[in-house]
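> Attaching a single structure in structure tokens format; questions to follow.
Numbering (our numbering), first residue to last: 1 to 262.
Structure (structure tokens):
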């Protein structure tokens, strides 16, 4: 699905998806009505109603298969952001064991990194444009500073090692969230999902071709179930896109004060 649909508020997204699905059901209903003439009605009625639960089960498997990917991506994205925030918080706390000048510089670099991630990377991830090619300058500078500093005593040596590990963990968590931001349900899965739904709608129409009202009600109910399933998946399809998306709030909460502030 395209960016414009994923960026819609959930009510508008629901309107688009339900409208398209009901249109598909209406087209299937009209097609069955045109085909089910008096001469062909007996042949269409010969289609076994036993196909309905089989096709329904296959559609349910398609939904479960697609939803499993979506929930997995969402969980991994949320975990990556939490891990990144936790690692940066650890680095800030450990920086208290460094000389005052280095402590202040590290806090300032972490502040700049978080500010850059929220202001620049989150919008880029929402449009699936974030890249792993470049390391954020504040985090790279922080790593370089910690690596090159000369510790005074074993306590500072231990602190240096722990801060370095925390910054590397934050960098790894950033890579994970960017990778997750590029994930989405591909077009093949969407086409297969709707093709299976169309097959079910046609069989409902064929089985009930001699009862137009019953056919319309059954097709409408199934179309509602299809639209609900698609809306649930589409609203969570891209973990960092849309109204229901992973927020940078954990990073904001651990962001230290900007340099020069109390």
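Backbone N, C-alpha and C fix where the C-beta goes; we use that ideal spot for every residue, glycine too.
Just reading off the alpha helix (DSSP H) that residue 133 is part of, what are its end residues?
Segment: none, residue 133 is in no alpha helix (DSSP H) and carries neither H nor E.
> Count Cβ pairs between the region 161-181 and the region 228-246 that sit closer than 8 Å; are there 3 or more?
Flag = yes, the region 161-181 and the region 228-246 touch.
> If you drop the 5 nearest sequence neighbours on each side, which residues of the same chain put their C-beta closer than 7 Å to that of residue 97?
Contacts found: 155, 156 and 159.
> Out of 87, 220 and 254, point me to the one whose CA is closest to residue 19's CA.
Comparing Cα positions, the closest option is 220.
> Does DSSP classify residue 162 as helix, strand or coil?
Reduced to three states, the DSSP call for residue 162 is helix.
> Please state whether the Cβ-Cβ distance between residue 169 and residue 76 is less than 9 Å.
No, the pair does not count as a contact, with Cβ atoms beyond the cut-off.
> On the criterion of 16 or more Cβ atoms from any shown chain inside 10 Å, does residue 248 qualify as buried, or is it exposed?
Answer is buried; the Cβ neighbour count reaches 16.
> In three-state DSSP terms, what is residue 209?
If DSSP states are grouped into helix, strand and coil, residue 209 belongs with coil.
> Taking only runs that begin and end inside the region 189-244, name each unbroken alpha helix (DSSP H) of 4 or more residues, in chain order.
Listed in chain order, the complete alpha helix (DSSP H) runs (minimum 4 residues) inside the region 189-244 are 212-236.
> Give the range of the alpha helix (DSSP H) segment to which residue 182 is assigned.
Premise fails: residue 182 is in no alpha helix (DSSP H) and is neither H nor E.
> In terms of alpha-carbon separation, which member of 85, 142 and 109 lies closest to residue 177?
Nearest C-alpha to residue 177: 85.
> In its own chain, which residues sit with a C-beta less than 8 Å from the C-beta of residue 261, not counting the 5 before and 5 after it?
Low local confidence applies: a pLDDT of 47 at residue 261 is under 50, so the model's placement there is unreliable, and no value is given.
> Kindly indicate which residue of 9, 214 and 88 has the alpha-carbon position closest to the one of residue 117.
Checked all of 9, 214 and 88; the closest Cα to residue 117 is 88.
> Under a three-way DSSP split, which group does residue 250 fall into?
Looking at residue 250 - three-state DSSP - the assignment turns out to be helix.
> Figure out for me which residue from 130, 128, 162 and 166 has the closest Cα to the Cα of residue 139.
Out of 130, 128, 162 and 166, 166 has the C-alpha closest to the C-alpha of residue 139.
> Pick helix, strand or coil for residue 98, following the three-state DSSP scheme.
Three-state DSSP puts residue 98 in coil, outside helix and strand.
> Which residue from 150, 114, 53 and 58 puts its Cα closest to that of residue 194?
Closest option to residue 194, Cα to Cα, is 58.
> Do residue 218 and residue 24 have their C-beta atoms within less than 9 Å of each other?
Against a cut-off of 9 Å, the Cβ pair of residue 24 and residue 218 comes out as no contact.
> Can you round the beta-carbon distance between residue 36 and residue 199 to whole angstroms, since I take them to be within the 8 Å contact cut?
Not a contact, Cβ separation roughly 17 Å.
> Using three-state DSSP, classify residue 262 as helix, strand or coil.
For residue 262, the pLDDT reaches just 41, beneath the cut-off of 50, and the residue's location in the model is therefore unreliable, leaving the point undetermined.
> Closer than 8 Å is the cut-off here; do at least three beta carbon pairs connect the region 141-150 with the region 102-122?
Taking 8 Å as the limit for Cβ pairs, the verdict is that the region 102-122 does touch the region 141-150.
> Report yes if the CB atom of residue 63 is closer than 9 Å to the CB atom of residue 233, and no otherwise.
Contact flag set, yes.
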